[in-house]
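S.K.: Below: one structure in structure tokens.
Numbering (my numbering), first residue to last: 10 to 153.
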């Protein structure tokens, strides 16, 4: 049993035309669902590691931690979202100053795009969870 669309203006509608109309409606609905899905995912936060050019730090900041905190705090006023009367804002997770210079922060993709425009920005990537593989016995008991 197929779905047919009958119009009062044309009495001789063919199933092929009706099928095309149905496929068009289906495509429009699918497009709208994808659009809504994409807009909601752009507000979801993930942790990103951001590499910075240490030499561009303004002299007004005594440490890199203060500078990075200021950077993340500046995003709170421009891109934060309010849910249930609570402002969801970006947050600084960790500061790196040994092997690399930068920070990790909980950001939306839009906030990350804003950071990419800064002259101190070098690169970024999404933080991933790592599992540690051990060699030897799997139990953590030690014999005393």
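All C-beta atoms, glycine included, are put in the ideal place defined by N, C-alpha and C. For clarity, every value in this text was computed on a predicted model and none was experimentally measured.
Over what stretch of residues does the alpha helix (DSSP H) that includes residue 121 continue unbroken?
M.R.: Residue 121 -> alpha helix (DSSP H) spans 118-125.
S.K.: Check each candidate in 99, 63, 110, 74 and name the one with the smallest Cα separation from residue 53.
M.R.: Checking every option, the nearest Cα to that of residue 53 belongs to 99.
S.K.: Kindly indicate which three-state DSSP category residue 101 falls into: helix, strand or coil?
M.R.: Strand, per DSSP.
S.K.: Could you tell me if residue 110 is buried or exposed, where buried requires 16 or more neighbouring beta carbons within 10 angstroms of its beta carbon?
M.R.: With 16 or more Cβ atoms within 10 Å of its Cβ, residue 110 is classed as buried.
S.K.: Between the Cα of residue 106 and those of 55, 63, 56, spot the shortest distance and give me the residue it belongs to.
M.R.: Of the candidates 55, 63, 56, the one whose C-alpha sits nearest the C-alpha of residue 106 is 63.
S.K.: Considering Cα atoms alone, identify which of 141, 65, 124 is closest to residue 85.
M.R.: Of 141, 65, 124, the residue nearest in Cα terms is 124.
S.K.: Cα separation between residue 76 and residue 138?
M.R.: Those two C-alpha atoms are separated by around 26 angstroms.
S.K.: Between residue 120 and residue 144, what straight-line distance do the alpha-carbon atoms span, to the nearest angstrom?
M.R.: Between residue 120 and residue 144, the C-alpha separation is close to 41 angstroms.
S.K.: Around the Cβ of residue 134, are there at least 16 other Cβ atoms within 10 angstroms (buried) or fewer (exposed)?
M.R.: Label assigned to residue 134: exposed.
S.K.: Out of 117, 74, 55, state which residue places its alpha-carbon closest to the alpha-carbon of residue 61.
M.R.: Nearest C-alpha to residue 61: 74.
S.K.: Which of helix, strand or coil does DSSP assign to residue 81?
M.R.: Residue state, collapsed to three classes: helix.
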